[in-house]
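The block underneath contains the structure these notes are about, expressed in structure tokens.
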Amino acid sequence: MITESIPLTQLRPGQSATVVGFSSDIAPPCRKLLQHLGITRQITITLIRRAPLGDPLQLQILGSQFSLRASEACHIYVEYSN
1 MITESIPLTQ LRPGQSATVV GFSSDIAPPC RKLLQHLGIT RQITITLIRR
51 APLGDPLQLQ ILGSQFSLRA SEACHIYVEY SN
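So the sequence shown is numbered by the UniProt record's numbering: it starts at 1 and just counts up by one.
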């Protein structure tokens, strides 16, 4: 089993991964917002679907679903097994 760390935007619909961190160039207010949404290290996140034009992404964390712009999701790094 090989694990990779990739931006959340590279997941395929239906794929789950574990959050491992944020990019170093994320704005502090954006990082704080993501953490308030429950996006923290070691949490499992699932990409449910993408909007028809690819943005926003519909995500699920701990049973709650919400949408996030790709410009924000690209700062979230996840690890998954392929």
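Note that the Cβ used here is the ideal one computed from N, Cα and C, for glycine as well.
Whether residue i touches residue j by CB criterion (8 Å)
| i | j | result |
| --- | --- | --- |
| Tyr77 | Ile6 | yes |
| Thr40 | Ser16 | no |
| Arg49 | Gln60 | no |
| Thr44 | Thr18 | yes |
Assigned secondary structure, residue i (DSSP; H/G/I helix, E/B strand, else coil)
| i | result |
| --- | --- |
| Gln58 | strand |
| Pro13 | coil |
| Gln42 | coil |
| Ser71 | helix |
Cβ-based neighbour list, residue i, same chain, cut-off 6 Å, excluding 5 preceding and 5 following
| i | result |
| --- | --- |
| Ala73 | Leu8, Thr9, Leu57 |
| Tyr80 | Ala17 |
Rounded Cβ spacing between residue i and residue j (contact assumed at less than 8 Å)
| i | j | result |
| --- | --- | --- |
| Gly38 | Leu62 | 6 Å |
Cβ neighbours of residue i in the same chain (closer than 8 Å, five flanking residues each side left out)
| i | result |
| --- | --- |
| Cys30 | Glu72, His75 |
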